[in-house]
Amino acid sequence: MEPELHGDKRGFFARTFCVNEFEAHGLVVNWAQCSVSFNKTKGTLRGLHYQDDPYAETKLVRCTMGSVYDVIVDLRRDSPTFKRWVGVMLTAENRNALYIPVGFAHGFQTLEDNTEVFYQISQFYREESSKGVRWNDPVFGIDWPLAPTALSDRDAQYSDLGS
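First residue of the sequence shown? That's 5 in my numbering, and the numbers climb one at a time after it.
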């Protein structure tokens, strides 16, 4: 999602979310919570995370400071794109957002120090439904831009999805 900037000598104004537009495309419009991830160092890798049924979640993410390489992986076993991934650049400067549907794992890598990511999330966090797959699972073959400089123990210990 690319916001339309309406600028003048003061700066700009941009709508970043519209219920009508999201509903017209069959997208989730009800957000249960918003969260922020602040990352001190370039190369920090977070993910690949998802929340399992019955609390599967949709997310809308935007980078509000710095820049990230943001990745989603299709984990829907009945999908023609199962195990495929897409990566996009989200930056404070481009102000783009990424919509992450239910059934996709999500992760990102920071491309600058002091990077912040803002999340709108359709479900409340449920620890018992919080899952993940390994960020460097060979079945995905994700081409991360940098060698990770920081990774949580939890993210490092996720299993491969397998074939």
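For each residue, glycine too, the CB sits at the ideal point set by N, CA and C. None of these values were measured; they are calculated from a predicted model.
Residue i to residue j span [Cα, whole Å]
i: His110; j: Thr62; result: 10 Å
i: Trp89; j: Ile76; result: 6 Å
i: Ser156; j: Cys38; result: 21 Å
i: His53; j: Ser126; result: 15 Å
i: Phe86; j: Glu8; result: 32 Å
i: Asp82; j: Ile146; result: 21 Å
i: Lys44; j: Glu27; result: 36 Å
i: Arg80; j: Asp12; result: 44 Å
i: Arg130; j: Arg14; result: 42 Å
Boundaries (first-last residue) of the beta strand (DSSP E) holding residue i
i: Arg66; result: 63-69
i: Gln37; result: 37-43
i: Gln113; result: 108-114
i: Val92; result: 89-95
Alpha helix (DSSP H) segment containing residue i, residue limits
i: Ala28; result: 23-28
i: Arg158; result: 157-161
Residue i burial status per 10 Å Cβ neighbour count (16 or more: buried)
i: Phe17; result: exposed
i: Gly107; result: buried
i: Val23; result: exposed
i: Tyr73; result: buried
Candidates the options, of which the one nearest residue i by Cα
i: Val143; options: Arg130, Tyr123, Asp164, Phe128; result: Asp164
i: Leu115; options: Lys13, Lys87, Glu27, Cys67; result: Cys67
i: Val121; options: Thr48, Ala36, Asn34, Val23; result: Thr48
i: Lys135; options: Asn118, Val65, Asp117, Pro58; result: Pro58
i: Asn118; options: Asp141, Val40, Trp35, Arg158; result: Val40
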